[in-house]
Each structure stands twice: as structure tokens, then as C-alpha cells.
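Notes follow the structure.
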Amino acid sequence: MSWLFGIKGPRGEGAGPPLSLPPAQPGAEGGGDRGAGDRPAPKDKWSNFDPTGLERAAKAARELEHSRHAKEALSLAQMQEQTLQLEQQSKLKQLLNEENLRKQEESAAEHRQTILESIRTAGTLFGEGFRAFVTDWDKVTATVAGLTLLAVGVYSAKNATSVAGRYIEARLGKPSLVRETSRITVLEALRHPLQVSRRLLSKPQDALEGVVLSPSLEARVRDIAIATRNTKKNRSLYRNILMYGPPGTGKTLFAKKLALHSGMDYAIMTGGDVAPMGRDGVTAVHKVFDWASTSRRGLLLFVDEADAFLRKRATEKISEDLRATLNAFLHRTGQHSSKFMLVLASNQPEQFDWAINDRIDEMVSFDLPQLEERERLVRMYFDKHVLKPATEGKQRLKLAQFDYGKKCSEIARLTEGMSGREISQLAVAWQAMAYASEDGVLTEAMMDARVQDAIQQHQQKMQWLKAERAGLEGSQTLLPSARAE
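According to this note's numbering, numbering within the sequence shown proceeds without interruption in unit steps and concludes at 532.
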């Protein structure tokens, strides 16, 4: 540790470093030419210096250097120095943080003061401007006129947009309640131009083509078709028709054929789609009739399952939304129209509201086919679904050798009580059995098996229908007794 005091090494045991005394200044002992007798001589600055302290320090340094704990003492001194430096750095960081906080507070205060001054300035300017505006009647009049014109413009633009949207929707779009239509839309014309051109150039079809009815009913509906076609030619008022009867008896098919025979467009909507619409049902019904009124060719509006929403308002429990929808329907059908023809179809016409019955011009009953009609239906669907696929094209279907006419007559006798739709489903089942077989051949035994299955299914359906009717009759008999009690 001798380097601490500038000593290179010890010169002897117990010997200290040589001490050099400062030289004596001239005149320090009282002699001199400058009037030493006038003031006392100044003391030497080293006169009170005690060299023993340095000697003790040098001795302690030598002892520490030769001590075995010299390294530990040096490490301890270094650690103390590092600790002191860390403390100084921590204090410096704390001072810097305090300085930053102070600057931030000053900046926030300055920003707040700036905002307050801006608000005061803006308020002053606004107040002065408003005062000047109010006192100038020319500016007030011009401003009021401008705001009025702006309000009128916004209101007019809004209503004009709404009217234009409804017009475009009525002309180009299809209402949500319409499930199927033959009316050509712009989008359909762009997608399928060839098909649309063929439809426009096609000739009117026979109203009873592909429809099998009894002779009396066929004559009646043919008169209706001729009258409807002549009504369109003379631009007269169309008549409203109600077609009722069991399901699958050809009501929807005849409605389509009637429209095509008359040169009209047809649109099919289902009564069951109206009730789920709730409060939107009124708007949807009005959209349907607005859309129907824009048809240039005339539109046959066919409402299938009409009893689903045209129920009696007095006895039936219907919601307020459905009641409002029924009232809207009655409002739009209160008078005959030269734009559309209303055709209703129902399996339960007794559930109609009396106002609906009052709007019907003619009622047509479609009954189940009798033996002669069933034989015609069996032959027609056998030819459509079995014979043509077996003789035309490259289909897998083949037909075994047996008397087809005799088999069709036999099946017609076995299918008593079945509708035209059930007979069509039976013919489709024959085709499916042929496709499912290994060789793709439809045999007489396979046809008989499917006929027996169809008969059993029909009997099961009739049992369900009888049980449902019995339950309804029981509930109707219980209601008067409960009211009497």
C-alpha cells in the first residue's frame, strides 16, 4: 500500500519517509530593512504542522501491506466505492425523474391554460359574431331561407329515393311472398336470353294439356279458360276463382295451364308463408299486388293453401298481425281488376272468412279421379317415367316383356281413392326400383310390389285423416257444453 503515499518501498524497519521542511524566508527572524520593528513578524505556515500523523499513516500502510488481510481490505474498499457510486447513480436518477415530472406538470398546466384561453377566445368571437348576425336582418333572412331550402331538398331527395326504389322493385324485382312465377325479369333475361326469347315467341298452350279431369269438370274448366283468354284480349275485368278439393287433384297444374293458355303470366304464393312474417305481412301483401298491377300481359295470382291465412276473423283465434294482413288482402281484392286475376286453392274452404267468399266469382270442385281418370293417369305417368326413359336416350332403365296396357288397367282398379299426385309418385317409384336393380330391368313383379306398398301407405294416411277429423268433431262438441256450464 506504499503507492498510496508516493513511497516506492520501505528503507528500513521503523524508518519513515524523509520530511522536507520549507526554506526559511528572509527576514523571518526579525531583521530587515522594511520596518520590522513596526509590526510582529508573521508565523511560518508549517509551524503548527505535526508530522507524526503522516508517520502513523505510513506505518499503518506498511503494516496493512504486509498483512495477510490486505486483499480482503482492498476488495472491501472497492465494494464500498462501488456501493457509493450506485447510491450516487440512484440519487441522480431520482433527481432526473423529479425533473421530468416537474417538466410534465408544467407542460400540462401550460396546455390546460392554452385550451382555456382558446375557449375564452372562441366564446368571445362566437358571441360577437352572433350579436352581429342577430342585429343584421338581411343575414338572418338569407340564413332562414337557405335552411328551409336545404330541409326541403333533403326531404324531397329522401322521398324520391323511396319512390324510385319501390318503382324499381315493382318493375324489376320479385316480391318475397312469390314462390314461383313465369314473369320475365331483367336479371333472368340477361342470364338466359335464349330461353326468354323462346318463351316470348311461344304459342299459347292448351289449358288442359297434361291435366286429367272428369268429363264434366273438364268442360267447365275449359269454358273458364276460354273466358279468361277472351277477357285478356278485350282488356276487360278478370274474375276471381276458388278451386277446392283434396290435395293432389290438379288445382295448381290447372292454374299454370290456364295462365299459359290465356297468354298471361302466373305467380304462385303459399298462404303458409304469410303468418310467419308477423307485422311485415301487411307490407308484403301490398308489394305482391303492386307488383301484379305492373304486368303488361296480365297476371294470374295463384294462392295455394289460402285457408292458412284467410281464416274467419270472428271465430278463429288469429293474431293481430295476421288479422291486419287479412284486412290488407281484403282491401286489395275488393274490386275486380284488369291487371291480375285471383285464383285461390284450398283443401278446407269452410275455414274462409265470409268476406273472402264474397269476393269469389266462381267455385270449382276438384274431386278424386274415378276409374276412367285413374287409368288415363296411370297410362300417362307410365309413359312419362318408364316407357320414354326405356326407349329414348342412353339411360340404364329397361323394361321386361309383359302386357303394359293390361297392367295399367289392373293398377287403375287397385288404386281406388288415390289422387293424381299419388299415382305420379307410384310411377316415379317404378323408375327408382329399375335403377336400383342389378340389371336395370323393371319387371311386372316389381311393379306389383310397389303398388301394394302404395296401397298400404294410402290406407295409413286415410286412418290418420279419420282420427284427425274425429278429434276435431269431439272438440267441437265439447265447446258448447263447456260454454253452457
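A virtual CB, placed ideally from N, CA and C, is assigned to each residue, including glycine.
* To do: Decide if G84 is buried, meaning its Cβ has at least 16 other Cβ atoms within 10 Å, or exposed.
  => Note on G84: pLDDT 45, under 50, position unreliable in the model; the coordinate value appears next. With fewer than 16 Cβ atoms within 10 Å of its Cβ, G84 is classed as exposed.
* To do: For F399, write down the residues that DSSP places opposite it in a beta bridge.
  => Its beta-bridge partners are R358.
* For R443, name the three-state secondary structure that DSSP assigns. => DSSP places R443 in coil when its eight states are reduced to three.
* To do: Report all residues from its chain with a CB closer than 6 Å to the CB of K303; omit the five preceding and five following residues, and keep chain order.
  => Closer than 6 Å at Cβ, skipping near neighbours: Y313.
* Span of the beta strand (DSSP E) around M290 -> First-last of the beta strand (DSSP E) with M290: I288 to Y291.
* **Unbroken beta strand (DSSP E) run spanning I315, endpoints** => It spans D312 to T317 - the beta strand (DSSP E) in which I315 sits, taken as one unbroken run.
* **Boundaries (first-last residue) of the beta strand (DSSP E) holding L346** => Unbroken beta strand (DSSP E) run through L346: L346 to D351.
* Under the assumption that V433 contacts L446 (Cβ atoms under 8 Å), give the Cβ distance between them as a whole number of angstroms. => Contact flag correct, Cβ pair sits at about 6 Å.
* Taking C-alpha atoms, which residue in P396, E157, L347 and G345 lies nearest to F356? -> Nearest of P396, E157, L347 and G345 to F356, Cα basis: P396.
* Asked: Would you say T330 and S309 are within 8 Å of each other, going by their C-beta atoms?
  -> 8 Å or more divides the Cβ of T330 from the Cβ of S309.
* With DSSP as the reference, please indicate the residues paired to E227 in a beta bridge. => The partner list for E227 (beta bridge, DSSP) reads I315.
* Asked: To the nearest whole angstrom, what separates the beta carbons of E419 and L260, a pair I think is in contact under 8 Å?
  -> In this structure, E419 and L260 do not form a Cβ contact; the two beta carbons are roughly 11 Å apart against a cut-off of 8 Å.
* Inspect the beta-carbon positions of G318 and E352 and report whether they are closer than 8 Å. => Taking a C-beta distance under 8 Å as the contact criterion, G318 and E352 qualify as a contact pair.
* Start and end of the alpha helix (DSSP H) containing M465? -> Segment: none, M465 is in no alpha helix (DSSP H) and carries neither H nor E.
* Asked: Residues in its own chain within less than 8 Å of I407 by CB, not counting five upstream and five downstream?
  -> So the list reads N287, I288, L289 and L391, once near-sequence residues are dropped.
* When we look at the beta-carbon of L197 and count the other beta-carbons within 10 Å, is it buried (16 or more) or exposed? -> L197 is exposed by the Cβ-count criterion.
* Asked: Would the beta-carbon of E491 be found less than 7 Å away from any heavy atom of the ligand GTP?
  -> Questions concerning the ligand GTP fall outside what the structure shown contains, since it holds no ligand whatsoever.
* To do: Hey, could you find the ends of the beta strand (DSSP E) F387 is sitting in?
  => Per DSSP, F387 belongs to the beta strand (DSSP E) from F387 to S393.
* **L255 - DSSP class collapsed to helix/strand/coil** => Coil at L255, not helix or strand.
* To do: Compute the Euclidean distance between the alpha carbons of T228 and P222, then round it to the nearest angstrom.
  => One C-alpha to the other measures close to 10 Å.
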